[in-house]
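Numbering (UniProt numbering), first residue to last: 1 to 1040.
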């Protein structure tokens, strides 16, 4: 045994010796505690990274979230095409379950002659309401079917949605002039002297009740919950629109033409808008159509100030406004526009279309070609709020994120959006073994029903144009299960257990009727029957919130009966853990959290609460932050100061300090529960103050007189005065020496500088040169002091070589200052292939990370804060590559709007934007939210931008004035935040062309929330910083 152990030890010793002393760490070394709670995006990134490393030519165009979504879509497609749902039918003998089915006779002499328009509903906890066609109302006890009240002629008075309808009921008895007010605890029936048409209750106004009258004689108010009422003077012909919190007034419309504010304390009525054709007060906006067809809007908080605005021009061009609906989650307005028929140049008719567009989200919500065949284009008498009968559009209830369903033309195809209307996808369908899924099926939008108590579960009908199907979706409308083919089903959903009951052929007269119920959202059905000695038909089916269903029947003797199905007595099993699975809204983060709901698996004959939710915090994104009051949201989603003056003053500094504190303008939303993510990147930061007397700019080019290469070093103000330094006898290695401003250095003709980067922390400059067919990187003191400085000649010492090669040409170098890693872009002189490698300054170890690239422009960007590496691939279209600092690609973004003339990119470490220069235009691309793939235009110059250099917030560039002096190079600058105009800075009078224009004092923001453990030199070869304070040790190319 000891000998075996000895041989095993020797084997591993030989193996380690063969592989070398260095090996890449196979897993990320975790330093901070938060790394133990990585989300699914981190896992997906790792998988994609591995794939990219193995096959470098694979292009990943989508983000991790998009790829996960695509996988989910593919899975649904495969299930729909190849899977047949196994539907089990269990015959229940209800006699074995005591009191499961109970039948009550409703003993009442009806005055109504017709029962064709029966309304049967559930109110309060113990009351059923039956409304017959001639305003005859029955109140029935749920427990025993006995009649509580019988109103021969009465009306249910609508109450605004601020009161829960299920626990509140108001009935006006026309015969006794009594107002019956019923809630879950008591009832009142005061006599009143007016006939109410609708009652509004405003809890924010001390429970003020205000009633409209049927004869429009005026408005009435009550301060004691509807017991006593008084008439508001001068309120004839008035209707209530809503309540304005800021104005502390009721918004009314009088004579169908004038919008006014009613002060509830003084009863004063103040006009605010005239000449109204139709109007609607939504939660945030008052939307009004005037008699001249102009549409105006006013924010509910600004009504007292009479601030009304026409629709933005971008909306006015969409067609003729028809109606509007409101997003119940965001309270945004969705406006429906109808375009006119028009002829093309070839006399072809383009039919009108109906388009639903967001009022506030600009282009982020756009549903084109919604199916609106039933709409009458004459909208003169139509209400301004869309109804479900007008447009096939539905918002799923119970979900914190807005989920929409719609039918689009020309084939009424059903589409669904899970991101608030930004993207739309076709819904999918699944059928049981008794039904072949039809080809052209769509959901009947107006039949849909969902509830806050059962989030994401939608019940309704689907149609193929001939037959209808019971349609149920357990996942917000993405996948629909079709069953029970026919045209006469009644279906009800009991919450929160999401128990579904349906009854076929309800209008058929029969002594036996069947019912079906499903505990797994329509995947399988169980059936039962109920019978009577006389034939009967079913009038209505309703469900309570406690698994009890009520069926209203009418026999051939015109006798009403009530059947109760109590599934609490039939299904006594509570779901075990193995019978449940979790469902979330496709991993969507809502207010910084992912919500996971319980769903019963197929075949589970049990009950559970579908409203129970598990909350998991998400990584923070830009949507979890708002802009502070003096900042605004740009088109690509970042916060920018509203005025440049605010930004220039938006810093704090001490005269004795070299640091400035800059605000970024982000405030975390109160409701957001996110953590980590980009949160640390949005906090206030400190940046190094640029010393105006210190050399800040390195200019390299051709001398206009000698035609030889020279270097000039300029201060921040580009002072033209040149001081003589001949009397300076300081030691050559003194890093604290103050260099004279605008010093000119000459360079040996055999040297050509190809790249240069400064290290502010290490007081070093790293220069890449071409010399004697070799590419060399030198390390030189930052002050560029040489022993032969009297001649002001820039020389290079072979003792300071960091890298040398004869096969490659160095095109660009940049520096990760925190980890002391140089990133070098080289081009093979024979193959012309480009490669990126890392060169550690401390160990001089080299590691190749990216091969076989076509990078144009020849620039690579290092973001040490977010630990990202950026470069542009010269494809068609151009592609922005985003990788981590060890070269593993995390995402590709195809810049379809960017042409091949892109000449410059830089990174703004304050706003986290990538700055592009294309011809004469400056662009910005948000790196905090990759859903904004379209760069925003920052500034457009009058001529081509040359030799750009970005130092936040200034972009410097040169311009040669060909009209005067062809050799004069003018330096200009533009503030990308002010964006007013470019101003002239100075003239490079010694140059006729520039090769390099580099910042000598670059700095990165300093934040206490950013941790970089590579600064402690934990690795033998190379240390690579990763996100959230992690790092990875890599071996050099020689050790692998």
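The C-beta atom is built at its ideal place from N, Cα and C for all residues, glycine as well.
- For residue 567, the enclosing alpha helix (DSSP H) begins and ends at 567-570.
- In the DSSP assignment, no residue is bridged to residue 441.
- Secondary structure of residue 182 (DSSP, three-state): strand.
- Counting only runs of 3+ residues, the beta strand (DSSP E) found wholly inside the stretch 894-978 occupies 902-908, 913-918, 921-926, 936-940, 946-951, 954-960, 969-975, in chain order.
- Sequence-distant Cβ neighbours of residue 191 in its own chain, meaning closer than 6 Å and more than five residues away, are 177, 178.
- Assigned with DSSP and collapsed to three states, residue 122 falls in strand.
- Contact annotation: the stretch 591-605 does not touch the stretch 142-156, with fewer than three C-beta pairs closer than 8 Å.
- Taken in chain order, the whole beta strand (DSSP E) runs of length 3 or more contained in the stretch 227-285 are 238-244, 249-254, 258-263, 269-273, 276-281.
- One thing to note: residue 535 has its Cβ within 9 Å of the Cβ of residue 555.
- Residue 997 is bridged by DSSP to 699.
- The Cβ atoms of residue 387 and residue 403 do not sit closer than 9 Å to each other.
- Membership of residue 315 in the alpha helix (DSSP H) is indicated by the continuous run 313-316.
- Taking C-beta separations shorter than 6 Å and ignoring five residues to either side along the sequence, the partners of residue 295 in its chain run 289, 311, 321, following chain order.
- Residue 336 sits away from residue 287, with the two beta carbons spaced by 9 Å or more.
- Residue pairing of residue 388 in beta bridges, as defined by DSSP: absent, with no partner found.
- Taking the Cα positions, residue 619 is about 30 Å away from residue 951.
- Around the CB of residue 969, 16 or more other CB atoms lie within 10 Å, so the residue is classed as buried.
- Judged by DSSP in its simplified three-state form, residue 887 adopts coil rather than helix or strand.
- Residue environment analysis places residue 576 among the exposed positions, since fewer than 16 neighbouring C-beta atoms fall within 10 angstroms of its C-beta.
- Excluding residues up to 5 positions away in sequence, 503, 506, 541 lie with their Cβ nearer than 6 Å to the Cβ of residue 490 in the same chain.
- Residue environment: residue 999 is assigned as buried (16 or more neighbouring CB atoms within 10 Å of its CB, all protein chains considered).
- Remark: C-beta atoms of residue 341 and residue 355 do not approach each other more closely than 9 Å.
- The alpha-carbon separation between residue 841 and residue 821 amounts to approximately 6 Å.
- Of the residues 364, 302, 674, the one whose Cα lies closest to the Cα of residue 622 is 674.
- For residue 411, no beta strand (DSSP E) encloses it, and the DSSP letter there is neither H nor E.
- Residue pairing of residue 744 in beta bridges, as defined by DSSP: 712.
- Leaving aside the five residues that flank residue 245 on each side, the residues in its chain whose CB is nearer than 8 Å to its CB run, in chain order, 204, 300, 301.
- For residue 497, same chain residues with a beta-carbon under 7 Å away, outside a window of 5 residues either side, are 547, 607, 608, 609, 610 in chain order.
- In this structure residue 699 touches residue 988 by the C-beta definition: roughly 7 Å separates them, less than 8 Å.
- Residue 373: not part of any beta strand (DSSP E); DSSP gives it neither H nor E.
- DSSP lists 210 as the bridge partner or partners of residue 200.
- DSSP lists 597 as the bridge partner or partners of residue 583.
- Short of 6 Å from the beta carbon of residue 372, and not among the five residues preceding or following it, lie these beta carbons of its own chain, in chain order: 354, 391.
- Here residue 625 is bridged, per DSSP, to 668.
- Bounds of the beta strand (DSSP E) holding residue 480 are 479-486.
- In terms of Cα proximity to residue 680, the closest of 909, 474, 459 is 909.
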